[in-house]
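Here is the structure we will look at.
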Amino acid sequence: MRAKYVLSEVAVGLWRNISMTIAMIITMAVSLTMLGAGLLMYFQVQSMEAYYRGQVEIIVYLNHEITEEDEVKGQLEESLIGDPMVKTVEFKTKEEAWTDFQELFADAPDLVESVDKDRLPASFEVSLNNMDDADEFIAKYEGFGDGAVERIMNQRDALEEVFGLMGGVQRLSLILALVQGIAALLLVANTIQVAAYSKRREVSIMKLVGASNWFVQAPFVLEAVFAGLIGAILAFLALVAGKAFLVDGTFKALFDIMTEMSWTRIWLMLPILAGIASVISAITGWVTLRFQVKV
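Using UniProt numbering, the first residue of the sequence shown is number 1, and each one after it goes up by one.
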């Protein structure tokens, strides 16, 4: 009987303040969407770093005048193969470099036509046993053969800039989620205060006849929890749409660097967001009502 009464009061309270309820749900949904997106971004950046750090190589570019038959090329290759820091070595000819360049800039034919293919150097793609030895490796080979090595590029340096940018976006999304969360908490507290004020006489009567604080507070707290759960569901649906249409669609086409984001990670967001919304709403409701139920 008590449970039935509490649930009926929850339904009445939600309908009585329908505009405030909708505003609370929307604000909660927006903040949880930002929070979920920030968490997904955090995990995605971590997985991308783990993947690409295992794939990065050091590219040793030869002087464009060095041919495959030159003795210095053979000496460098022999030195690289015998170097204890080196894991694998792969030589890429000028022709292969030109083919890769054409494929990379296939959408910019004017740029391809403006580049002299004979100026593209041959190179060695080197994987190290430990990428922490990259600086030592570069210092060892950058002056090899009196100018035979034109330059050495550590791919990790380029990736660090990309991951730094993504980390900034990640932090920004979490900050926005925090701001939205504070707004949601204030709106939840305000909605409960309005609901409690509109039923202040009923609350006073229940307290006078001996009703416990839990029994009086339960309908108001459950209203906030219900709104939070609806907001969490809407936020989850927004993340599903973002995964389907943005991550697997627009972003995947624009950014080849992105690794696959599993649907398991998306589904995991539903219980996480629902739990966060429920706990925050319940605590906010309980704290707000501490002084509202006193006679």
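Don't be surprised by glycine CBs; every beta carbon is placed ideally from N, CA and C. Source: prediction; values computed, not measured.
What is the DSSP secondary structure of residue i, counted as helix, strand or coil?
{"i": "Ile-276", "result": "helix"}
{"i": "Thr-88", "result": "strand"}
{"i": "Leu-237", "result": "helix"}
{"i": "Leu-172", "result": "helix"}
{"i": "Thr-259", "result": "coil"}
{"i": "Ile-18", "result": "helix"}
{"i": "Thr-288", "result": "helix"}
{"i": "Ala-106", "result": "coil"}
{"i": "Thr-67", "result": "coil"}
{"i": "Glu-142", "result": "coil"}
{"i": "Met-1", "result": "Low confidence applies here, because Met-1 scores a pLDDT of 42, under 50, leaving its location unreliable; read the following figure in that light. Coil."}
{"i": "Asn-190", "result": "helix"}
{"i": "Asp-83", "result": "coil"}
Classify residue i as buried or exposed, calling it buried when 16 or more other Cβ atoms lie within 10 Å of its own Cβ.
{"i": "Tyr-51", "result": "exposed"}
{"i": "Gly-275", "result": "exposed"}
{"i": "Gly-164", "result": "exposed"}
{"i": "Phe-137", "result": "buried"}
{"i": "Ser-262", "result": "exposed"}
{"i": "Asp-245", "result": "For the sequence presented, residue 245 should be read as Phe rather than Asp. Label assigned to Phe-245: exposed."}
{"i": "Pro-219", "result": "buried"}
{"i": "Thr-284", "result": "buried"}
{"i": "Val-287", "result": "exposed"}
{"i": "Ile-66", "result": "buried"}
{"i": "Ile-182", "result": "exposed"}
{"i": "Met-1", "result": "Since pLDDT at Met-1 reaches only 42, below the 50 mark, its modelled position is unreliable, and the value read off the structure follows with that caveat. Exposed, by the Cβ-count rule."}
{"i": "Val-279", "result": "exposed"}
{"i": "Glu-71", "result": "exposed"}
{"i": "Lys-87", "result": "exposed"}
{"i": "Pro-109", "result": "exposed"}
{"i": "Ala-277", "result": "buried"}
{"i": "Ala-139", "result": "exposed"}
Identify every residue that forms a DSSP beta bridge with residue i.
{"i": "Asn-154", "result": "Ile-58"}
{"i": "Phe-124", "result": "Val-60, Phe-91"}
{"i": "Val-149", "result": "Leu-62"}
Step through the CB atoms of chain C and report whether any lies within less than 9 Å of the CB of residue i.
{"i": "Gly-82", "result": "Reference to chain C is not applicable here, since this structure consists of a single protein chain."}
Could you check whether the region 142-157 touches the region 55-68, counting it as contact only if at least three pairs of C-beta atoms, one from each stretch, sit closer than 8 Å? yes
Assess contact between the region 31-43 and the region 167-180, defined as three or more Cβ pairs (one per stretch) separated by less than 8 Å. Is contact present? yes
When the Cβ atoms of the region 268-281 are set against those of the region 234-244, are three or more pairs found closer than 8 Å? With a cut-off of 8 Å, the region 234-244 and the region 268-281 count as touching, because enough Cβ pairs lie within range.
Assess contact between the region 159-169 and the region 85-99, defined as three or more Cβ pairs (one per stretch) separated by less than 8 Å. Is contact present? With a cut-off of 8 Å on Cβ pairs, the region 159-169 is not in contact with the region 85-99, counting fewer than three such pairs.
Pairs of beta-carbons, one from the region 60-70 and one from the region 20-31, closer than 8 Å: are there three or more? no
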